[in-house]
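> Take a look at the following structure, please.
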Amino acid sequence: MTKHNCIVVNLDKCLGCFGCEVACKMENDVALGEHWNKVLLRGPFGDYPNQVRYPLPAMCQQCADAPCVHVCPTGASYRDPDTNIVLINKEICIGCKYCMMACPYGVRDWNVATKTVEKCTLCGQLTARGELPACVKSCAGGARFYGDLDDPTSDVSVELAKYAATDIHTLPNVGNNPSTKYIMTSIHGEWKESE
Amino acid sequence: MSVQWSLVLFTAIAGTGAWMFACTGIAELKGLGKKTAVPTTIVALILAIAGGFASLSHLSHPERVFGALGHPTSGIFMEAVLLGLIVLCAIIYLILVKRDAAKSARKLFGVLGIILAVVFTFACGMSYEMSSRAVWNTFTLPFAYLGTAMVSGCAGYLLMTGICKDDIASIETAGNETLLGGIVSVLTAFIYGCVSGAAGGSVAALFWIVVIGCGGIAPIVFGKIAGNNTAKATAYGVIALAGALVGAIAFRAIMWMIGTTVINVFGTVL
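Quick mapping for you: the protein sequence lines, in order, are chains A and B. For what it's worth, my numbering labels the leading residue of the first sequence as 1, then goes sequentially. For what it's worth, my numbering labels the leading residue of the second sequence as 1001, then goes sequentially.
Following this line, the structure appears as structure tokens:
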């Protein structure tokens, strides 16, 4: 059965320590100045003393209708038929950067050395042997989860099930239907990415 | 976003070539431009191929470009196929003219040239319609690509009629085409400028002076003058073409300058 693997980030638990960003770089040998995963510090929003800020770790959002896959002229950007994960075959990437233009979130980066586009692979080299992606494994706050959204027993589904629908967010959807979910309750702050 | 000059020059140059061939097709249908037909088609071919090379220079791995043939739905594939068809049409038309073939056959390829110029220049703009970039994601963008390429091609054809010392009727028609192209360019660019905000934002000066002024008003004025004063068609053609090309290039550059994503997490500048 086809899976629907993705990452869920619980921002109520996120420390903003940048550990996921560092772990990603170490595991995937991402060069200095390049990213597959990056933690943005959002805010402060609002007026003193009612101000809110939160860390926003962001990587490929594994869109259900991925525009990067639609625009790729060679099929280098493709969706893995088994895991539903959007991947890049760097051997046939022509470096047109069309996918980088089409990505609504700017979470694809340019590898200067190979002159091809790269992005988060959900650490396929680790998950293929039953391990978790490096960012999930190393998350100090236990804020990151990996698994199949369609499997109710997976880590992501179990974590999402703990929260109301109003506490579960995605980055702005412009028709691409991002799969990555962010959990943030009103106790912690107010989700501002949809504005 | 930084301006992707290879892509800017690709659509501007190849679009100009496509519309120069289209103007040759119009002249063929009207029985005009006999002296201009062959030289203009050769120039159109050169421009189409030069545009293609400009596009290739954007790629970091051009040696893998034939992989695009396996994905017939992408915008790049559409542009490449349409440009290839224009080149093929122009070569066949050249052979037909050189062999003094039947007029009906020449007219057929003239009509094909017109249709392909419209579709190609429209498709070039359509490739950039993507939901990730709100100011690109409007149907007015491909029309503006079409309009700004049309005026460049018409002005280029006017220049060729002057250089080749074609008959007065041919130059008058070329002048009127340039005037019409200028009107289409002004209208389509203006509508896109209003929809995208380019007409009023930080690039407003560039938009009004270069895109509308040089790229639209100048060809309208000098196309009209050239139609009335055919003896100086070359000089007026040079001014109209220079203005139209600068306008077409500026329009495309502006599109890149204002194109921002929903969120730019990595802060990557293309």
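No residue lacks a Cβ here, since even glycine has one placed at the ideal position from N, Cα and C.
Contact between the stretch 1234 to 1254 of chain B and the stretch 1145 to 1159 of chain B: three or more CB pairs below 8 Å?
With the cut-off at 8 Å, the stretch 1234 to 1254 of chain B and the stretch 1145 to 1159 of chain B touch.
> Beta-carbon of Leu171/A versus every beta-carbon of chain B: anything under 9 Å?
By this cut-off, Leu171/A is an interface position.
> List, from N- to C-terminal side, the alpha helix (DSSP H) runs of 4 residues or more that fit wholly inside the stretch 114 to 139 of chain A.
124 to 127 and 134 to 137
> Does the beta carbon of Tyr105/A come closer than 9 Å to any beta carbon on chain B?
yes
> When you compare each of His4/A, Met184/A, Ala164/A and Ala23/A to Trp36/A by their alpha carbons, which one comes out closest?
Ala23/A
> State yes or no: is the C-beta of Ala1022/B within less than 9 Å of the C-beta of Leu1116/B?
yes
> Pop quiz: Gly1052/B and Leu1009/B are said to be a contact at Cβ under 8 Å. What is the actual Cβ separation, rounded to whole angstroms?
That pair is no contact at about 11 Å.
> Determine whether the beta carbon atoms of Gly1175/B and Thr1234/B lie at a separation below 9 Å.
no
> What does DSSP give as the partner residue(s) for Ile1042/B in the beta ladder?
None, per the DSSP bridge assignment.
> Return the CA-CA distance between Val1135/B and Leu1141/B, expressed in angstroms with no decimal places.
9 Å
> How big is the Cα-Cα spacing for Thr1178/B and Cys1154/B?
For Thr1178/B and Cys1154/B, the gap between their C-alpha atoms comes out near 5 Å.
> Can you find the residues in the same chain that come closer than 6 Å, C-beta to C-beta, to Gly1017/B, ignoring five residues on each side of it along the sequence?
Ala1044, Leu1047 and Ala1048
> Who are Ile88/A's beta bridge partners in DSSP?
The bridge partners DSSP lists for Ile88/A are Ser77/A.
> Return the bridge partner residues of Pro57/A from the DSSP annotation.
Val39/A
> Looking at the secondary structure, which residues open and close the beta strand (DSSP E) in which Ile198/A lies?
In this structure chain A extends from 1 to 195, so residue 198/A is not present and cannot be described.
> Does the stretch 1063 to 1082 of chain B come within contact of the stretch 1196 to 1203 of chain B, defined as at least 3 CB pairs closer than 8 Å?
Because the criterion of three Cβ pairs below 8 Å is not met, the stretch 1063 to 1082 of chain B and the stretch 1196 to 1203 of chain B do not touch.
> Between which two residues does the beta strand (DSSP E) harbouring Arg144/A extend?
Arg144 to Asp148
> Going by beta carbon distance, what residues of the same chain come within less than 8 Å of Phe18/A, once the five residues before and after it are set aside?
Val39
> So for Lys1034/B, helix, strand or coil by DSSP?
Coil.
> Going by C-alpha to C-alpha distance, which of Ala1012/B, Ser1131/B, Pro1062/B and Ala1204/B sits closest to Thr116/A?
Pro1062/B
> Grab me the residues of Ser1055/B's own chain with a C-beta within less than 6 Å of its C-beta, minus the 5 sequence neighbours each way, in chain order.
Non-local beta-carbon contacts of Ser1055/B in its own chain, meaning distances under 6 Å to residues more than five positions away in sequence, involve Phe1010 in chain order.
> So which of Gly1237/B, Gly1181/B and Val1262/B has the shortest CA-CA distance to Val1118/B?
When each option's Cα is compared against that of Val1118/B, the closest is Gly1181/B.
> Quick check on this structure: which residue in Gly1259/B, Leu1032/B, Ile1217/B and Met1257/B has the alpha carbon closest to the alpha carbon of Ala1240/B?
The shortest C-alpha separation from Ala1240/B is found at Ile1217/B.
> Tell me whether Phe45/A sits in a helix, a strand or coil according to DSSP, three-state version.
Here DSSP, grouped into helix, strand and coil, assigns Phe45/A to strand.
> To the nearest angstrom, how far is the alpha carbon of Cys101/A from that of Asn1264/B?
Note that residue 101/A is Met in the sequence shown here, rather than Cys. Whole-angstrom Cα-Cα distance: 11 Å.
> Counting only C-beta atoms, is Lys97/A closer than 9 Å to chain B at any point?
yes
> What does Thr1261/B reach in chain A if we use C-beta pairs closer than 8 Å?
Cys103, Pro104, Tyr105 and Gly106
> Taking 9 Å as the cut-off, decide whether the C-beta atoms of Thr1024/B and Tyr1157/B are in contact.
yes
> Is Trp110/A close to chain B? Criterion is C-beta to C-beta, closer than 9 Å.
yes
> What does a CB cutoff of less than 7 Å around Ala113/A pick up in its chain, not counting 5 residues either side in sequence?
Ala31
> Is the separation between the beta-carbon of Val156/A and that of Val8/A shorter than 9 Å?
yes
> What residues are listed by DSSP as bridge partners for Lys181/A?
The partner list for Lys181/A (beta bridge, DSSP) reads Val8/A.
> Do Ser1152/B and Ala1027/B have their C-beta atoms within less than 9 Å of each other?
no
> On the DSSP bridge list, what partners appear for Thr168/A?
As written in the sequence, residue 168/A is Ile, which differs from the Thr given in the question. Beta-bridge pairing links Ile168/A to Ile183/A.
> Is Asn89/A near Tyr78/A, with beta carbons less than 9 Å apart?
A contact, by the Cβ cut-off of 9 Å.
> At the level of alpha carbons, what is the spacing between Ala1226/B and Ile92/A?
50 Å
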